[in-house]
Amino acid sequence: MEAPQKRQWGVTSAISEAQPTEADLKLNDQLVDALKRENNFESPEGLQNRTKVLDHFQKVVEEFVRRVCKLKKLPDSTIQSAGGKVFTFGSYALGVSNPGSDIDTLVVAPKHVHRDDFFERFPPTFKEMSAAEDITEFNPVPTAYVPIIKMEYCGVSIDLIFVSLQSVSSIPSDFTLTDKALLRGLDDTGMRCVNGTRVTHELIDAVPQVKSFRHATRAVKLWANQRAIYGAVFGYPGGVAWAIMVARICQLYPFACGATILSKFFSLMMKWHWPRPVMLKSIEEGSLGLRVWNPQIYPQDRLHLMPIITPAFPSMCATYTVMHSTKQIMMDEFKRADNILNAIQLGKRSWSDLFDRHTFFTQDHKYYLSVIAASRSREAHDSFTGLVQSKVRLLVKGIDDSDAGVDIARPYIKGFERMHRCENEDQVERIIQGNMDFQLTEEDAREATTSIANGEKQAKDQHIIYTTTWYIGLTLPESGGKSLDISFPVAEFKRYVTLADTYDQDKMSVRVVHTRNYDLPADVFVEGETRQIKPVKEKKKKGHGKSAKRGFAETGLDVRNGALPSAFHYFPARYAGLYGTAC
92 MEAPQKRQWG VTSAISEAQP TEADLKLNDQ LVDALKRENN FESPEGLQNR
142 TKVLDHFQKV VEEFVRRVCK LKKLPDSTIQ SAGGKVFTFG SYALGVSNPG
192 SDIDTLVVAP KHVHRDDFFE RFPPTFKEMS AAEDITEFNP VPTAYVPIIK
242 MEYCGVSIDL IFVSLQSVSS IPSDFTLTDK ALLRGLDDTG MRCVNGTRVT
292 HELIDAVPQV KSFRHATRAV KLWANQRAIY GAVFGYPGGV AWAIMVARIC
342 QLYPFACGAT ILSKFFSLMM KWHWPRPVML KSIEEGSLGL RVWNPQIYPQ
392 DRLHLMPIIT PAFPSMCATY TVMHSTKQIM MDEFKRADNI LNAIQLGKRS
442 WSDLFDRHTF FTQDHKYYLS VIAASRSREA HDSFTGLVQS KVRLLVKGID
492 DSDAGVDIAR PYIKGFERMH RCENEDQVER IIQGNMDFQL TEEDAREATT
542 SIANGEKQAK DQHIIYTTTW YIGLTLPESG GKSLDISFPV AEFKRYVTLA
592 DTYDQDKMSV RVVHTRNYDL PADVFVEGET RQIKPVKEKK KKGHGKSAKR
642 GFAETGLDVR NGALPSAFHY FPARYAGLYG TAC
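The working numbering applies: residue 92 is where the sequence shown begins, and numbers increase by one.
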């Protein structure tokens, strides 16, 4: 009798099927302890609260679907069987969420209930069925790339998206999304909404040891956040992409514990032959006319530098935003982590060393670009912040792709929101150029926010300005000598922002200015970090020789409060916006 055929995990055979040794298991216990010290696990009470929240959402969804069906005067039999179901995806569904994680949630409705119905009817239904004090945030954004309701309920942040399945009349409680035929009839937005849950399901199904996968994924996500290389919007892998990468290592070492998976992860990702794709299964073709990732057919797919391919049909590249600079930063971080893991295995380093905070603001760069979005109202700024943030990586890519004289342009993974109170347009101009003299303290900002929310008018001679600033660290060639000119990528970035439909020149403004490391604002540093000190310049001795070292002024850049050259101060008069009297 033939022995049963052993399963092959992934697109290739395993590298090693060795079982963990006692030493491996000891290292894994130490890793889990380190993750617990970093507050990386949800408490039992926290998990119970999340379950309660999701149960409540399920009841609301069923009631919402019933109400919509009644309004459309559908037959009673259709109303009673319509159903509706809540699915989760992302870190919560993967089992790697932490106390601060939100829950990515998908509402699936039958074909009778449309996206417009969701944004019109779900909010009042939810508020009617929920205690007002349990809802601390509720913000529908129907015009987003993925239409969403962002809310906080019972202390849990929820990102709620919606899909109406055009081929289904009823969504019972045991309904699943595994059948790709359910994708038939979906528009691009519906496809984006439903695919998160499908990818999560396929991802979990693709790993041999779920516990090992979860330990390693928790560690990688924590490491990536601590090292500031997390988030697709800035050109780094997002949570799903990091999880797919870990899952692939799990396939290559199917019996390894989490600590071993983590060690192999950094070693293999550092040596990976990019742009060879990371895939968990062979790419599945389909008959639904949907595009799947294929660099042999689509020239755009050939441009992906670090392709991480989602396992669910239709397969897509989860890392299409990675750029030359962000890829190089990740390669450097893989090497650093690999060195630390080798030392940990020898007992010379601890797991906490792996999770050390980045030195983006304290050591890594002398020169930064400050991308400053400013608005006259909170409502305008909420919209404008999303617009500018979505374009920051295009500025980085423009610098990467140009002959600008910059080796690395590294975007930081979050923006810094600030409120300022000023008295005249000259002060407004200084604020949007990066000046912090008029910034409100946290307490004053809260008071101003409450005052504005209550409809109280500001003093006639006072203006509240809202800003969000993103930082891009610049690494210049060590050899020097080459002129630095980023005027074209900056101008293109401004064009992308100011030509957007949501841009309002009377309420919004964007600036890109140069900031030295010793001029960085205090709020970019955490406790224990210190700003670099401005060096004291020595008087130059008279002589005929010229230093080979390039002065920064010679590059065409200038300091934040100086007269900015075109490379850092491009803003046509027709976009004067904030700093014109029309505001």
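Even glycine gets a Cβ: it sits at the ideal position worked out from N, Cα and C.
For residue i, three-class secondary structure by DSSP
i	result
N316	helix
C348	coil
P214	helix
W561	strand
H605	strand
K176	strand
F77	Because the chain here runs from 92 to 674, residue 77 falls outside it and cannot be looked at.
A200	strand
H554	strand
T103	coil
T267	coil
T566	strand
D597	coil
I262	strand
T417	helix
W159	A quick correction: the sequence has Val, not Trp, at residue 159. Three-state result, V159: helix.
G592	Here residue 592 turns out to be Asp, not Gly, going by the sequence shown. Coil, per DSSP.
G704	Beyond the ends of the chain as shown, which are 92 and 674, falls residue 704; an answer cannot be given.
F680	No information on residue 680 is available, as it lies outside the stretch 92 to 674 that the chain covers here.
D392	helix
V171	Before going further, note that residue 171 is Gln rather than Val in the sequence given. DSSP places Q171 in helix when its eight states are reduced to three.
G642	At G642, the pLDDT of 43 sits below 50, so the modelled position is not reliable; the number obtained from the coordinates is stated separately. Here G642 sits in coil by DSSP.
L274	helix
V627	coil
Beta-bridge pairing of residue i - partner residues as DSSP gives them
i	result
Q530	H511
E153	In the DSSP output, where bridge partners are listed per residue, E153 has none listed.
N189	DSSP output for N189 lists no bridge partner at all.
K241	N230, D250
C408	I400
D195	F180, D250
Continuous alpha helix (DSSP H) stretch holding residue i: start and end
i	result
I249	It is not in any alpha helix (DSSP H) - I249 instead sits in the beta strand (DSSP E) that spans 247-255.
T288	279-296
Y236	Y236 -> no alpha helix (DSSP H), and no H or E assigned at all.
K117	113-128
I523	516-523
R382	Neither: R382 is in no alpha helix (DSSP H) and is coded neither H nor E.
E375	Per DSSP, E375 belongs to no alpha helix (DSSP H) and is neither H nor E.
W413	Strictly speaking, residue 413 in this sequence is Val, with Trp absent from that position. From DSSP, V413 is part of no alpha helix (DSSP H); its letter is neither H nor E.
R586	578-589
Extent of the continuous beta strand (DSSP E) to which residue i belongs
i	result
A332	Per DSSP, A332 belongs to no beta strand (DSSP E); it is in the alpha helix (DSSP H), 330-343.
Specify whether the region 218-230 and the region 163-179 touch according to this definition: at least 3 beta carbon pairs, one from each stretch, less than 8 Å apart.
no
Measuring CB atoms only, is the region 347-358 touching the region 366-375, in the sense that at least three cross pairs come out at less than 8 Å?
no
Along the chain, which unbroken stretches of the alpha helix (DSSP H) at least 4 residues long are found entirely within the region 426-502?
-> 442-445, 469-492
| message | Across the region 543-560 and the region 463-470, are there enough close Cβ pairs to call them in contact, namely three or more that are closer than 8 Å? | response | yes
With a cut-off of 8 Å, do at least 3 Cβ pairs link the region 574-582 to the region 486-504? yes
Quiz item: Given 8 Å as the limit, is there contact between the region 319-329 and the region 408-419, that is, 3 or more CB pairs closer than that?
Solution: Counting C-beta pairs closer than 8 Å gives three or more between the region 319-329 and the region 408-419, which meets the contact rule.
Check whether the region 311-318 touches the region 447-463, taking contact to mean three or more Cβ pairs, one atom from each stretch, closer than 8 Å.
yes
query: Is it true that the region 102-114 meets the region 127-145, where meeting means three or more beta-carbon pairs spaced less than 8 Å apart?
result: no
* Can we say the region 615-624 touches the region 512-528, given the rule of at least three CB pairs closer than 8 Å? -> The count of Cβ pairs closer than 8 Å, one atom from the region 615-624 and one from the region 512-528, stays below three, leaving the stretches out of contact.
### Query
Is it true that the region 288-297 meets the region 420-440, where meeting means three or more beta-carbon pairs spaced less than 8 Å apart?
no
**Prompt:** Is the region 280-291 close to the region 243-259, with three or more CB pairs under 8 Å?
**Reply:** yes
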